[in-house]
Amino acid sequence: MVLGLSSSGPAQTLAVSLASLVAASAYGGAVPILICLIPMLGIAFAYRRLNRWDPRAGATYTWVARMFNPFLGFLSGWMILLYYTLGTTTLTIPAGTYTLRMVAPALEERQWAVFAVGGAWNLLITGLAIAGVKMAVRLEWAIALFQYAALLLVAALALHALAAGHAAAHFSWHWFSLAGLGGLKGLMSGLVIACFMYSGWDAAVYVNEETRDRLNNPGRAAIASVVILAVIYAVTTFAYQGVLTPSELQAHAGEALSAVSARLLPDPWNKLMPLAVLAGTLATLQAAVISAARMGLAMARDRVMPAYFERMRADGSTPWAATLTMSALNLLLLALALGTTSIASALSNAATSLGLISIVFYGITAAAALRHLYTESGARRARLVSAGLFPLIGVLFSVFVLVGSLASGVFSAAVAAYGIGSIALGALVAVLLRGRGAHFFTPLKDEARP
Numbered sequence: 085m086v087l088g089l090s091s092s093g094p095a096q097t098l099a100v101s102l103a104s105l106v107a108a109s110a111y112g113g114a115v116p117i118l119i120c121l122i123p124m125l126g127i128a129f130a131y132r133r134l135n136r137w138d139p140r141a142g143a144t145y146t147w148v149a150r151m152f153n154p155f156l157g158f159l160s161g162w163m164i165l166l167y168y169t170l171g172t173t174t175l176t177i178p179a180g181t182y183t184l185r186m187v188a189p190a191l192e193e194r195q196w197a198v199f200a201v202g203g204a205w206n207l208l209i210t211g212l213a214i215a216g217v218k219m220a221v222r223l224e225w226a227i228a229l230f231q232y233a234a235l236l237l238v239a240a241l242a243l244h245a246l247a248a249g250h251a252a253a254h255f256s257w258h259w260f261s262l263a264g265l266g267g268l269k270g271l272m273s274g275l276v277i278a279c280f281m282y283s284g285w286d287a288a289v290y291v292n293e294e295t296r297d298r299l300n301n302p303g304r305a306a307i308a309s310v311v312i313l314a315v316i317y318a319v320t321t322f323a324y325q326g327v328l329t330p331s332e333l334q335a336h337a338g339e340a341l342s343a344v345s346a347r348l349l350p351d352p353w354n355k356l357m358p359l360a361v362l363a364g365t366l367a368t369l370q371a372a373v374i375s376a377a378r379m380g381l382a383m384a385r386d387r388v389m390p391a392y393f394e395r396m397r398a399d400g401s402t403p404w405a406a407t408l409t410m411s412a413l414n415l416l417l418l419a420l421a422l423g424t425t426s427i428a429s430a431l432s433n434a435a436t437s438l439g440l441i442s443i444v445f446y447g448i449t450a451a452a453a454l455r456h457l458y459t460e461s462g463a464r465r466a467r468l469v470s471a472g473l474f475p476l477i478g479v480l481f482s483v484f485v486l487v488g489s490l491a492s493g494v495f496s497a498a499v500a501a502y503g504i505g506s507i508a509l510g511a512l513v514a515v516l517l518r519g520r521g522a523h524f525f526t527p528l529k530d531e532a533r534p
């Protein structure tokens, strides 16, 4: 569970997405967060069902290949790898900015400094991930408790400021209307960002091969993570969004929570939030590296990723080669993001792109769960309705958000390049691998591929 919570990382996720969420949905950001709860639970139930059926580290990649088609399975695995590698851009940027804010404030807007410090943290986290998942999880438990306590403490102060009329915004029920959200486009933009905020809870499933009671515990952890995240995100978003004006939030994109705490807490207590975000960011970065390495390992077993990814530590506990490769890709993407745009634009584009990618592979996973339920031997119609309701909601929601976002013009050219373009690249890679004779792409006739 701590991997699921750390991978979503409320502190660093809010630091990255709060300004974007306010820009998209004004002061109604809690609405898309709460709307996402039920479909996200449906998708989490889908993960639980499929993990009980086939508890391997490939997860969605393996399930979709077996339920639908190897090409779609590969594309699902590609999207998850992409999510965790591109996603580290939204982790290492805040890691760099929050570190600089505490030790060298004059450099926090310098992109080269953000890259240097964020990259250094990336290398340190990679070393810890290679040391073993047990050590990583012990560290992340302590970090999770600290960051959740800090978030709720500052949220309580923010709610008091809002109630007393000391915040930049003054409460209105209009915030929660469609007009207050900025119309359909504002709602759809908010839903995409909310999907990004939730995403990452599935990290609990990618370590199922290393988990006690691997059939049940990963699924339970996924469901519990979604519920906890919904509460934390709804409360903190509602509390923090009105402390500063929207323009002030945009001016502090990447370290919005630090600016919020600085407005609410005197020095030196206002350093609490930057420290919580930094600690949470490092835990999330570590969870992302761990998840990407396990997915890379699963795909390497089927020879659709380099066999090099299968190299393990002597005790067989950690895929060190895949972990190092994912860390190197993270640094490359960080350099590209900071070298081609501003910090604020890099964070906004990455967050929206990740929301798009997660919508697609979550929806595909929920569809695989429905297919599995339908094909299950002896499944009764009543069971199809009761057990399939939640996954069906997840599928329909994913389609609704994806189509609605495209129709309402939520995705910019940059987001299309990051999101849709990278998914299309995965399809091209699949075709090339099939052309080279990769056995994985032959139709699956056996119940479980070795």
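Under my numbering, the first residue of the sequence shown carries the number 85, and numbering increases by one thereafter. Glycine included, C-beta positions come from ideal geometry on N, C-alpha and C. Predicted model, so just to flag it, every value in this text is computed and none were measured.
For residue i, which option in the options has the closest C-alpha, if you only look at C-alpha atoms?
i	options	result
residue 316	114, 345, 100	114
residue 210	477, 481, 410	410
residue 135	298, 355, 515	298
residue 208	193, 474, 179, 150	179
residue 355	141, 145, 183, 176	183
residue 472	133, 119, 170	133
residue 199	413, 257, 283, 181	181
residue 300	267, 131, 264	131
residue 245	325, 490, 204	325
residue 267	109, 521, 128	109
residue 236	357, 448, 88	357
residue 348	234, 404, 459, 304	234
residue 152	404, 412, 504, 453	453
residue 262	522, 116, 507	116
With a Cβ-Cβ cutoff of 8 Å, do residue i and residue j count as a contact?
i	j	result
residue 86	residue 221	yes
residue 251	residue 361	no
residue 126	residue 450	yes
residue 446	residue 488	no
residue 140	residue 293	yes
residue 100	residue 330	no
residue 540	residue 402	Limits of the chain in this structure are 85 at one end and 534 at the other, which puts residue 540 out of reach.
residue 249	residue 258	no
residue 129	residue 307	yes
residue 406	residue 440	no
residue 525	residue 154	yes
residue 213	residue 111	no
residue 176	residue 203	yes
residue 280	residue 492	no
residue 227	residue 364	yes
residue 256	residue 285	no
Output yes if chain B places a C-beta closer than 8 Å to the C-beta of residue i; else output no.
i	result
residue 317	You won't find chain B in this structure, because it holds only one protein chain.
Please report the Cβ distance between residue i and residue j, rounded to the nearest whole angstrom; I am assuming they are in contact, meaning their Cβ atoms lie under 8 Å.
i	j	result
residue 438	residue 167	6 Å
residue 102	residue 340	5 Å
residue 444	residue 163	6 Å
residue 276	residue 485	6 Å
residue 282	residue 124	5 Å
residue 372	residue 91	6 Å
residue 185	residue 375	Not quite, the Cβ-Cβ distance comes to about 28 Å (not below 8 Å), so this is no contact.
residue 118	residue 318	6 Å
residue 121	residue 314	4 Å
residue 229	residue 379	That belief does not hold up - the Cβ atoms of residue 229 and residue 379 are roughly 28 Å apart, past 8 Å.
Are at least three pairs of beta-carbons, each pair with one atom in the segment 391-410 and one in the segment 237-253, less than 8 Å apart? no
Decide if the segment 383-391 is in contact with the segment 366-373; the criterion is three or more beta carbon pairs, one per stretch, under 8 Å apart. no
Okay, do the segment 508-522 and the segment 148-159 touch, 3+ Cβ pairs below 8 Å being the bar? yes
Is the segment 264-272 close to the segment 183-193, with three or more CB pairs under 8 Å? no
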